[in-house]
Amino acid sequence: MASTELATERAMYVGNTISTAVYGGNLFLYTYSTHLLVTSKIKQVQHRIFYICFGGILLLLFTISIASNNAFCELMWIERRNDPGGPPAFFAANSAAWYNVFGTSAVCLTNMMTDGLLLYRCYIIWESRLPVIVIPAIIYLGSATMAIMMVIESAMPMTNLWQGLTAQFGISWVALTVSFNIIVTTLIFSRLLFFYRRARSVLDDEQRSLYTGIMAILVESSLPFTILGIACLVTYIQGIPSATAVEIVWAAFVVLTPQLIILRVASGVAWSKDMASNITRTALHGTFHHNSSSTSSSNMNSKNP
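The following block contains the structure:
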């Protein structure tokens, strides 16, 4: 077995192991978020239903992706390891197998849903300013188109995600979705950083931590996911064996990222449409009022400016 082939299999094993661990974390987060949404006193029932269904669909797609990867590896390393050419030959000959295409489709659909949620959150955090999201929306449409083309091409016999036209579509898809994430993350991050500075003197420590703290900024802006996406793109373009592991882990974070946002929504600490105006009003009047579309209204005392 060539060293490159061995490195690719090792990367696949590492990626699947990390992805399985992330799956367990995502399962817990979804269960906990659903519990919070079901037991909360939310007046807007449609919001509860939306986030429960959204998280459930993501978890289902994640399950499909995990199952397809495990099935492929089980056949390659155990059931058919003695086929002519061994695991490397099986990998090359079965990349277009139906379960692989099914898993790839699940990852692409998950990515579309996640990017759609991030675009919506960016729209909300920027106080529903439509011009802000025009460019990201165009990139989002391009990314979705490339993802669909990649799935269609990957279903062709004897194709490989890492070679030929499939790889070109794949690189275009990853490049566009990473570009989208960079732009949206920058928009959200800069907006939250602006309000962090504005809120320093008018909110108490607990409120600053909840709405403009480091964890709030990291989760709302999806900064870790964007950084991992950049690493995925770089390794994918270079075609190095470790790209397999990075891609599998990135696909896992495609699901984990929105689930963390849903948890903030379910906990009543996510940014809502009126959050920015509330912080601005607090700077003038000294009373912070959080009226999230996904939580019941609550009044919180704050420091006077």
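In this note's numbering, the protein residues as written are 1125 to 1429.
No residue lacks a Cβ here, since even glycine has one placed at the ideal position from N, Cα and C.
Alpha helix (DSSP H) segment containing residue i, residue limits
i, result
"A1394", "Here A1394 belongs to no alpha helix (DSSP H), and DSSP marks it neither H nor E."
"P1208", "Looking at the DSSP string, P1208 is not in any alpha helix (DSSP H), and its letter there is neither H nor E."
"L1254", "That residue, L1254, is in no alpha helix (DSSP H); it is neither H nor E in DSSP."
"S1164", "Taken as a continuous stretch (DSSP letters only), S1164 belongs to no alpha helix (DSSP H), as it is neither H nor E."
"P1281", "Where P1281 is concerned, there is no enclosing alpha helix (DSSP H), given that its DSSP letter is neither H nor E."
"I1202", "That residue, I1202, is in no alpha helix (DSSP H); it is neither H nor E in DSSP."
Alpha carbon of residue i to alpha carbon of residue j, nearest angstrom
i, j, result
"A1216", "E1129", "11 Å"
"Y1137", "V1308", "32 Å"
"M1274", "Q1292", "8 Å"
"V1162", "R1388", "14 Å"
"L1300", "G1139", "23 Å"
"Y1264", "C1246", "13 Å"
"T1228", "S1303", "20 Å"
CB contact flag (residue i, residue j, <9 Å)
i, j, result
"F1226", "S1192", "yes"
"A1117", "W1297", "What is shown of the chain runs 1125 to 1429, which leaves residue 1117 out entirely."
"P1281", "A1220", "yes"
"F1178", "L1241", "yes"
"S1143", "I1386", "no"
"I1176", "W1395", "no"
"L1384", "V1343", "yes"
Close Cβ partners of residue i (< 8 Å) along its chain, the five nearest in sequence each way excluded
i, result
"F1186", "Y1147, N1150, A1230, T1234, A1376, V1379"
"I1295", "L1357, Y1360, I1361"
"S1440", "Residue 1440 lies beyond the stretch modelled for the chain, which goes from 1125 to 1429, so this question has no answer here."
Cut-off 7 Å between Cβ atoms - residues of its own chain near residue i, not counting five sequence neighbours on either side
i, result
"W1374", "L1352, G1353, C1356"
"S1346", "L1242, N1305, T1309, T1381"
"T1290", "M1274, E1277, S1278, T1283, N1284"
Residue environment, residue i, which counts as buried when at least 16 other CB atoms sit within 10 Å
i, result
"V1258", "exposed"
"Y1244", "exposed"
"S1421", "Confidence at S1421 is low in this model, with a pLDDT of 34, below 50, so the placement of that residue is unreliable and no value is reported for it."
"V1370", "buried"
Close-in-space but distant-in-sequence residues of the same chain around residue i (CB under 6 Å, 5 per side omitted)
i, result
"L1153", "Q1383, L1387"
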